[in-house]
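Working notes, beginning with the structure itself.
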RNA sequence: GCGGGUGUAGCUCAGUGGUAGAGCACUUCCUUGCCAAGGAAGAUGUCGCGCGUUCGAAUCGCGUCACCCGCUCCA
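Residue numbers (my numbering): 142 to 728.
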């Protein structure tokens with residue numbers, strides 16, 4: 142999925158600019174830093190807030206069919222049991238002592254054979270090792286093959302032409318997972334490899350009190366599904382969205398903020414009717430075909446139409462904040478990549494300097510999550526659809542049986558997971574015909590920190606420019622979309638030693654600052670102030686000059702120079718029109 | 001977790017055992033009529049951290065932390 146394209150130098154420049162200008166700092170830097178954690182400085186905090194706001198607006202405020210949620214980071218541990226995170230996040234891992242290859246300790250093939258235990262080795266030039274090592278050889282293979290592996294092992298530990306000691310007698314061992322099946326070398330002791338941060342709730346800190354920092358925000362949405370349904374008059378199809386911190390104890394945090402241990406997710410769980418319910422209600426189900434109209438949801442849409450719809454919605458969102466089709470890419474997971482419960486998943490990728498990597502995943506997850514919580518909590522997670530009940534009541538027994546048979550055939554054709562038995566299918570339809578179903582879900586899940594990194598990488602531009610002395614130098618411009626730029630406008634008196642200019646500039650600043658994030662700057666030459674704001678990504682600069690004071694005639698009195706970051710173009714705007722002029726260009 | 005690299009002023013970096021430096025940035029003042037102007041003065045360092053070797057360590061050794069690259073991992 143990731144490409145070979147690497148651009149380390151531009152990444153380094155970006156990291157450096159982020160620190161210099163106050164976008165992103167290393168966490169706890171004065172104590173040497175802490176791996177995988179990053180802080181946002183003054184500009185970064187504003188940028189992130191703007192991104193968060195644009196997402197929240199696009200996903201819920203501007204829609205009638207999505208509501209918001211803000212849940213806690215620490216939740217009942219059972220939630221992570223139900224979701225499968227406790228099991229998949231606690232894999233014991235073991236490494237091959239010879240090749241360093243890592244295995245899931247419980248997935249190593251069972252082996253039987255003779256195990257030779259070595260106690261160390263001596264070699265030329267006085268080199269030696271006391272590290273014990275063991276090799277498993279299949280029955281019937283000579284001791285020499287074990288010796289060969291042991292020699293390689295001690296050689297790798299700096300013993301020259303090693304003579305391993307011990308290991309004269311083989312020990313018969315059956316059904317062990319302690320040795321590398323590829324070379325027989327001993328594996329390290331299995332170590333738990335828990336990607337969830339663990340903590341204790343309450344004062345006693347026993348195993349009974351273990352809780353986890355959430356590794357994703359999605360599960361809270363599922364866990365509160367019933368409450369939202371019961372309290373907010375929503376009807377399927379509808380969505381619940383949430384923005385919040387999530388934590389994963391990553392093995393290798395990487396690529397600046399791209400893979401962090403603490404990060405912020407923006408997730409939507411959009412609940413839809415099962416296709417069978419759509420068929421009963423609308424008479425037929427529309428499935429995806431190339432060129433289908435995705436502009437407005439329709440009552441007869443099947444799950445894949447909804448999935449495609451959300452992909453197109455999300456791409457539209459990225460376009461609206463300046464990430465165009467030229468920097469985005471897609472990865473459609475094939476049937477083999479998909480988890481057994483998932484029906485489809487597409488990753489929206491961004492062309493980062495370090496490669497093309499995931500920005501957002503949009504998954505069609507069926508009814509897996511709510512069903513899991515229904516099973517584990519014992520609380521029904523069904524939605525009651527009275528229209529469906531009415532429509533189903535009008536079906537003939539033959540029509541009902543046809544639907545059931547179709548599903549039975551579908552289950553029989555499944556290649557992944559456990560297919561439902563006929564009895565289970567009939568029980569499910571029994572509920573469905575009464576108007577009850579567990580909604581299916583489309584999940585667009587985006588990383589806010591990744592998005593911030595993407596827009597910063599996208600905005601980063603270097604230009605060669607000659608200064609007034611004719612010396613060419615490289616200037617950095619952050620071409621952030623005005624909608625997300627941390628500072629919207631810089632306000633500058635042309636000269637700071639003229640009190641009339643300064644006074645007027647402060648007036649303009651006071652006028653604008655209630656409506657947008659502004660920056661007032663009167664130090665240094667005007668060109669330098671423009672350049673500073675270019676690095677901060679500020680799209681507009683307003684300069685109060687002598688025309689403003691009326692020195693060039695009344696037609697210019699109370700006008701200011703507005704300078705645009707990307708084109709350097711200047712325009713004279715009346716102070717009375719300035720706010721409207723800016724707001725129009727910032728929305 | 002493994003291997004390689006890096007770590008000195010806010011930034012980019014120089015400094016191979018003997019008083020810690022440069023450019024840019026920053027602060028103040030003067031000057032300055034639109035794209036990093038000029039002049040003057042000034043402030044700025046646990047040399048990543050710890051231990052050791054040494055009369056003396058940014059420099060040598062060991063350990064450790066962080067970042068980058070490559071493995072490994074990535075529900």
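Just so you know, even glycine gets a beta-carbon here, dropped at the ideal spot from N, CA and C.
Two segments are said to touch when three or more pairs of C-beta atoms, one from each, lie closer than 8 angstroms; by this definition the segment 615-626 does not touch the segment 426-445.
Residue 686 is positioned such that its CB atom lies closer than 9 angstroms to that of residue 635.
Boundaries cannot be given for residue 401, as no alpha helix (DSSP H) includes it and DSSP labels it neither H nor E.
Short of 6 angstroms from the beta carbon of residue 451, and not among the five residues preceding or following it, lie these beta carbons of its own chain, in chain order: 503, 583 and 585. Per DSSP, the unbroken alpha helix (DSSP H) holding residue 194 starts and ends at 183-197.
As a beta-bridge residue in DSSP terms, residue 634 pairs with 685. Residue 713 sits in a strand when the DSSP states are folded into three classes. Its chain contains 335, 336, 337, 338 and 402 as the residues whose beta carbon lies nearer than 8 angstroms to that of residue 390, once the 5 sequence neighbours on both sides are disregarded; these appear in chain order. Scanning the segment 615-669 from its first residue to its last, the whole beta strand (DSSP E) runs of 3-plus residues come out as 630-634 and 659-661.
Contiguous beta strand (DSSP E) elements confined to the segment 318-378 occur at 332-335, 339-341 and 351-353, taking only those with 3 or more residues. A direct Cα-to-Cα measurement between residue 456 and residue 225 gives close to 30 angstroms. In the structure shown, the three-state DSSP call for residue 605 is strand. The alpha-carbon separation between residue 227 and residue 220 amounts to approximately 9 angstroms. With respect to the 9 angstroms criterion, residue 446 and residue 454 are not classified as neighbours on the basis of their beta carbons. In the three-state DSSP reduction, residue 200 falls in the helix class (H, G or I). Judged by DSSP secondary structure, residue 253 falls within the beta strand (DSSP E) whose first and last residues are 252-265. DSSP, read as helix, strand or coil, puts residue 596 in helix. Taking a 10 Å sphere around the C-beta of residue 517, we find fewer than 16 other C-beta atoms and assign the residue as exposed. As a beta-bridge residue in DSSP terms, residue 702 pairs with 684 and 713.
Here residue 271 carries a coil assignment [DSSP, helix/strand/coil]. Following the DSSP letters along the chain, one finds residue 491 inside the beta strand (DSSP E) bounded by residues 485-493. Going by DSSP, residue 165 is part of the beta strand (DSSP E) stretching over 165-167.
For residue 449, the uninterrupted alpha helix (DSSP H) segment begins and ends at 444-461. Assignment of residue 391 by DSSP, reduced to helix, strand and coil, places it in the coil class. In the assembly as shown, residue 711 is an exposed residue. Its beta-carbon has fewer than 16 other beta-carbons within 10 Å.
Assigned with DSSP and collapsed to three states, residue 214 falls in coil, not helix or strand. Looking at the DSSP output, residue 277 shares a beta bridge with 256. Among the bridge pairs identified by DSSP, residue 707 is matched with none. By the criterion of at least three beta-carbon pairs nearer than 8 angstroms, the segment 500-514 is not in contact with the segment 525-533. For residue 470, the pairing in a beta bridge is given by DSSP as 490. Taking residue 319 as the centre and dropping the five residues before and after it, the same chain places the C-beta of 327 and 328 closer than 7 angstroms to its C-beta, in chain order. When the beta-carbon positions are compared, residue 352 and residue 500 stay at least 9 angstroms from each other.
Straight through space, the alpha carbons of residue 160 and residue 458 are spaced by roughly 28 angstroms.
Within its own chain, the residues whose Cβ lies closer than 8 angstroms to the Cβ of residue 341, once the five positions on either side in sequence are excluded, are 347, 350, 351 and 352, listed in chain order. In this structure, the CA atom of residue 727 is about 58 angstroms from the CA atom of residue 537.
Per DSSP, residue 531 is one residue of the alpha helix (DSSP H) stretching across 527-534.
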